[in-house]
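*Asks:*
In my numbering, the protein residues as written are 51 to 150.
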């Protein structure tokens, strides 16, 4: 992969990771905001939120695997993994809180 393609891929991964939080906020607003979704609509919204968060973070997982394969510094791999875990745990915690 050449340098320009590498930079474009890194930009895409960062954008997709940053889109995780707006997806979480949008789901929160649909369930808790003026729309007040209940029942099946609430469950579908939460399922879509979790699916979107998982899909948006697949490239981040690929970056972590690649960093480990290429013997990147352990601190860097841990930082990347921590950021990914934080996004996924937040999504699951919000989903559990909304289902109550």
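Even for Gly, the Cβ is constructed at its ideal location relative to N, Cα and C.
Would residue 107 and residue 137 be called neighbours here (beta carbons separated by less than 8 angstroms)?
*Replies:* Yes, Cβ-Cβ distance for residue 107 and residue 137 is below 8 angstroms.
*Asks:* On the criterion of 16 or more Cβ atoms from any shown chain inside 10 Å, does residue 125 qualify as buried, or is it exposed?
*Replies:* It counts as exposed.
*Asks:* In whole angstroms, give me the CA-to-CA distance for residue 102 and residue 117.
*Replies:* If I take the Cα positions, the gap works out to 24 angstroms.
*Asks:* Around the Cβ of residue 130, are there at least 16 other Cβ atoms within 10 angstroms (buried) or fewer (exposed)?
*Replies:* The residue is buried, with at least 16 neighbouring Cβ atoms inside 10 Å.
*Asks:* Inspect the beta-carbon positions of residue 87 and residue 78 and report whether they are closer than 8 angstroms.
*Replies:* Their beta carbons are not under 8 angstroms apart, which means residue 87 does not touch residue 78 by this criterion.
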